[in-house]
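If you read the sequences in order, they're chains X and Y. Here the first sequence stands for residues 1 to 390, numbered as in the numbering used here. Here the second sequence stands for residues 1 to 390, numbered as in the numbering used here. C-beta atoms are modelled at their ideal positions from N, C-alpha and C, and glycine is treated no differently. Inspection log for the structure reproduced underneath, given as structure tokens.
Protein chains: 2
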Amino acid sequence: MQNFTFDNPTRIIFGQGMIARTGGEVKRFGTKVLLVYGQGSIKKNGIYDQVIASLKEADVSVVEFPGVRSNPVLSHALKGIELARSEKVDAVLAVGGGSVMDTAKTIAAGVKADPGDDVWDFFTFKKKIKGALPVVTVVTVSASASEMNPGAVMTREEGAQKFAISSPFIQPRTSVLDPTVLYSLSPAYSAYSSVDIITHMLEGYFNNREPESPLQDRLVEGLMKTVMENTEVILKDQRHYNARANVMWSAILAFNGLTTAGMGFVSFPAHMIEHSLSALYDVAHGAGLSITLPGWMSYAVNKSPAKFARLGREVFGIEEADDLKAAVEGIDRLKRWFSAIGSPTSLKEAGIPEGDIGKIAENASVIAAVWGMKAYTRETIAEILNLCRG
Amino acid sequence: MQNFTFDNPTRIIFGQGMIARTGGEVKRFGTKVLLVYGQGSIKKNGIYDQVIASLKEADVSVVEFPGVRSNPVLSHALKGIELARSEKVDAVLAVGGGSVMDTAKTIAAGVKADPGDDVWDFFTFKKKIKGALPVVTVVTVSASASEMNPGAVMTREEGAQKFAISSPFIQPRTSVLDPTVLYSLSPAYSAYSSVDIITHMLEGYFNNREPESPLQDRLVEGLMKTVMENTEVILKDQRHYNARANVMWSAILAFNGLTTAGMGFVSFPAHMIEHSLSALYDVAHGAGLSITLPGWMSYAVNKSPAKFARLGREVFGIEEADDLKAAVEGIDRLKRWFSAIGSPTSLKEAGIPEGDIGKIAENASVIAAVWGMKAYTRETIAEILNLCRG
């Protein structure tokens, strides 16, 4: 086990009816809040009304900033920063999924940037985030764990670059999670969410500097089995409270630092390559990951079959004694499970032309460089993408 | 899954050499600290010197308050409150195990009590804790998870009452954990610590209001297997870094709220009865638990054999198909494991006279009443104690 700091102060308020507590949580930080949300689905399913009622009850005035789209873009966040500054809000409240939360985090950090600073420099690590407005979230799509971690992902349209930031300043102070809000999430997006959750865990499981990590391995395996069995329940019964609740809480634990504590540097090759897919094409993040994760696993399996075999045995109950065979069968089982829940597992299925592999690899290699993943050259990434063709 | 709030803001600084960061953490809260410790073992193993050097480096002045004994007593904590008040310290630093941390927490809360308040009223829930000095800990015995939870246990000599408090105000702001400090922990106390850790998990596993909790069950089973296999390594090799580190981190996760999130009210019958054992006799807390936990399990198994069977199958690999048989075998295996690591499993082994069962049950029934465990009358507790005779 390597040295680590675990510092995760987000207050999680979890359960049916809990959105009523939002106003009181925002009020801890002031009386005027920027309300960030997406394309208006929260107005159809009643969440908007619940949030507004709670803010009103707490005497918090609201400045609205809607319009976040999935795979959120910097140009939109910049408008939010401007609005937050001119309205002098005390806090930023995200009501939505990963895209909305990440936009809110970017706005929160951007407001406190020095005048003249280019916010994109935070994403390329040229500048360090030195402060942020307090962020509170009400989660409506559960996958990113952005509600309990210090990260945010954003795309800059110029150059189609999808990069990420991480800073304790933008970690939400409070996140409110009511599993019933997920009832209206479509089967497709419920599946993509579970792919994202599983990928977060498996990237830590396979890509860290700690050769022996029995506790973290068991945490991941337990979480993964829970996510898989409950996703299957949800796809049969969208309004199954316990299944939604189990996935919602697992999503947080999968990516709030718990499963990688003591593991040293963790790299995220499946996310890195997926960022290029969703920056360049109209692909949902989870749908992209169900292509890149098995592709990357097939690339990496020969280097360390034992860990891949462990996954196959512990999660899929594979009894094969030979490590490489068990590993390959495990990857195949995972891929088939992604297919079974309705998430694509090849570039072809997602309508991405094979001929674009060079272009995608070029885009991803820039992310790899920024993320300090030296082994992932343009050529290596192209090799992995070839294993994603289908 | 039931509604819950998870709010655990303690910063954990974990790893070899990390005690050097103590001063900087204390400095966040002021320049004068009350240093609480035990019988002086920290002066022999070098931890005291490391802590003092770090505080000096950070320009923090120190008021010493040593002398905490295991199963800490209120009268001593009251002296600490007096000293902290007269010296006007800004924070309380515990350097020790559960007893020292709990004394530090009691002092921190006591300093902020209203003049004339009886601090013991916090423990009987007659008065509510309304504030506390910031608490920082350097952990030297890892079991209680007091370093990352809001609880503290204290004995009042008058009436031999061992009660507990829980308040977010006394939750440590930062805890520093260096696994190498455990190298000097004796085999006996290493074993007792593991018993305590396992009991914390299993009380949640068996005693909650949520009938179905697959995720929490898996977390507990994964933690328990990790603690068991690493305890066995430690008893062969006291200076095994990874084994010490794995147990040290597992101890926290076993009792920081994670494994019981969403489980509703959890009761602690094995701890409740053990508190009476260690209040009345000179028994180490973990040694008492290896007696009361299997005794309570034998009492409860007939009411819900399925969950006990699950433990037997998942943790001990028992293949028996009949639930009750698998359950009973599991309890027996756990008891034998406690024996194997050197912790007593009967009152007799601990030198506690059978004839005292009535007296112990009387003492424990008072705790049960304060803790809201109505089912545990004097008679029920005596019945459980009869199963602990050996």
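Inset, instruction - Out of Y:332, Y:107 and Y:257, point me to the one whose CA is closest to residue 122 of chain Y's CA. - result: Y:107
Legend entry - Alpha-carbon spacing of residue 364 of chain X relative to residue 144 of chain Y, whole angstroms: 46 Å
Inset, instruction - Please compile the residues from chain X whose C-beta is within a distance smaller than 8 Å of the C-beta of residue 88 of chain Y. - result: By Cβ distance, chain X contributes nothing, its closest Cβ being about 28 Å from residue 88 of chain Y, past 8 Å.
Inset, instruction - With a threshold of 6 Å, establish whether the CB of residue 182 of chain Y neighbours any heavy atom of the ligand GTP. - result: Absence of the ligand GTP is noted for the structure shown, with no ligands found whatsoever.
Inset, instruction - Have a look at Y:150, Y:160, Y:64 and Y:68 and flag the residue whose alpha-carbon is nearest the alpha-carbon of residue 6 of chain Y. - result: Y:150
Legend entry - Contiguous alpha helix (DSSP H) assignments of at least 4 residues, all confined to the stretch 143–207 of chain Y: 187–206
Inset, instruction - Less than 8 Å between the CB atoms is what I'm expecting for residue 318 of chain X and residue 181 of chain X, so what's the real figure, rounded? - result: Residue 318 of chain X to residue 181 of chain X, Cβ: 36 Å. No contact.
Inset, instruction - Take the Cβ of residue 244 of chain Y as the centre, count every other Cβ of all protein chains shown within 10 Å, and call the residue buried at 16 or more, exposed below. - result: buried
Inset, instruction - With residue 286 of chain X as the anchor, note down where its alpha helix (DSSP H) starts and where it stops. - result: 285–300
Inset, instruction - Report back the beta-carbon spacing between residue 34 of chain Y and residue 80 of chain Y to the nearest angstrom; my notes put them in contact at under 8 Å. - result: 7 Å
Legend entry - Host beta strand (DSSP E) of residue 12 of chain X (start-end): 11–14
Legend entry - Nonlocal neighbours in the same chain, by C-beta distance under 6 Å from residue 14 of chain X, ignoring five residues either side: 177
Legend entry - Neighbour list for residue 413 of chain X in chain Y, Cβ cutoff strictly below 9 Å: Past the boundaries of the shown model lies residue 413 of chain X; chain X is included only from 1 to 390, so the question cannot be answered.
Legend entry - Three-way DSSP call (helix, strand, coil) for residue 385 of chain Y in this model: helix
Inset, instruction - Round the Cβ separation of residue 192 of chain X and residue 343 of chain X to the nearest angstrom and send it over; I've been treating them as touching at under 8 Å. - result: 6 Å
Inset, instruction - Measure the CB-CB distance between residue 131 of chain X and residue 112 of chain X and report whether it falls below 7 Å. - result: yes
Legend entry - Best match in Y:316, Y:386 and Y:62 for proximity to residue 291 of chain Y [C-alpha to C-alpha]: Y:386
Inset, instruction - Say whether chain Y places a C-beta atom closer than 7 Å to the C-beta of residue 245 of chain X. - result: yes
Inset, instruction - Say whether chain X places a C-beta atom closer than 7 Å to the C-beta of residue 215 of chain Y. - result: yes
Inset, instruction - Helix, strand or coil for residue 225 of chain Y, going by three-state DSSP, please let me know. - result: helix
Legend entry - residue 378 of chain X at chain Y interface by Cβ criterion, 7 Å: no
Inset, instruction - Report yes or no: is there a C-beta of chain Y within less than 7 Å of the C-beta of residue 1 of chain X? - result: yes
Legend entry - chain X residues whose Cβ lies nearer than 9 Å to that of residue 9 of chain Y: 7, 8, 9, 10 and 11
Inset, instruction - Give the residues from the stretch 254–270 of chain Y that approach chain X closer than 9 Å (Cβ to any Cβ), ordered along the chain. - result: 258, 261 and 262
Inset, instruction - Give the DSSP-derived three-state secondary structure of residue 99 of chain Y in the structure shown. - result: helix
Inset, instruction - With a threshold of 16 other CB atoms inside 10 Å of the CB of residue 105 of chain X, please say whether the residue is buried or exposed. - result: buried
Inset, instruction - Measure the C-alpha to C-alpha separation of residue 358 of chain Y and residue 388 of chain Y and round it to an integer number of angstroms. - result: 13 Å
Inset, instruction - Using a Cβ cut-off of 7 Å (strictly closer), state whether residue 23 of chain X contacts chain Y. - result: no
Legend entry - Pairwise C-alpha distance: residue 256 of chain Y and residue 100 of chain Y: 18 Å
Legend entry - Residue nearest to residue 32 of chain Y in terms of C-alpha spacing, selected from Y:87, Y:43 and Y:19: Y:87
Inset, instruction - Could you have a look at residue 32 of chain X and say whether DSSP puts it in helix, strand or coil? - result: strand
Legend entry - Which of helix, strand or coil DSSP assigns to residue 64 of chain X: strand
Inset, instruction - May I ask you to list, following chain order, the residues of the stretch 17–50 of chain Y that have a beta carbon less than 8 Å from some beta carbon of chain X? - result: 17 and 18
Inset, instruction - Starting from residue 328 of chain Y, follow the beta strand (DSSP E) in both directions and report where the run begins and ends. - result: Residue 328 of chain Y -> not in any beta strand (DSSP E); alpha helix (DSSP H) instead, spanning 323–341.
Legend entry - chain Y residues whose Cβ lies nearer than 7 Å to that of residue 336 of chain X: Those within 7 Å of residue 336 of chain X in chain Y number zero; the least Cβ separation is about 22 Å.
Inset, instruction - Measure from the alpha carbon of residue 117 of chain Y to the alpha carbon of each residue in Y:140, Y:78, Y:139 and Y:91, then state which is nearest. - result: Y:78
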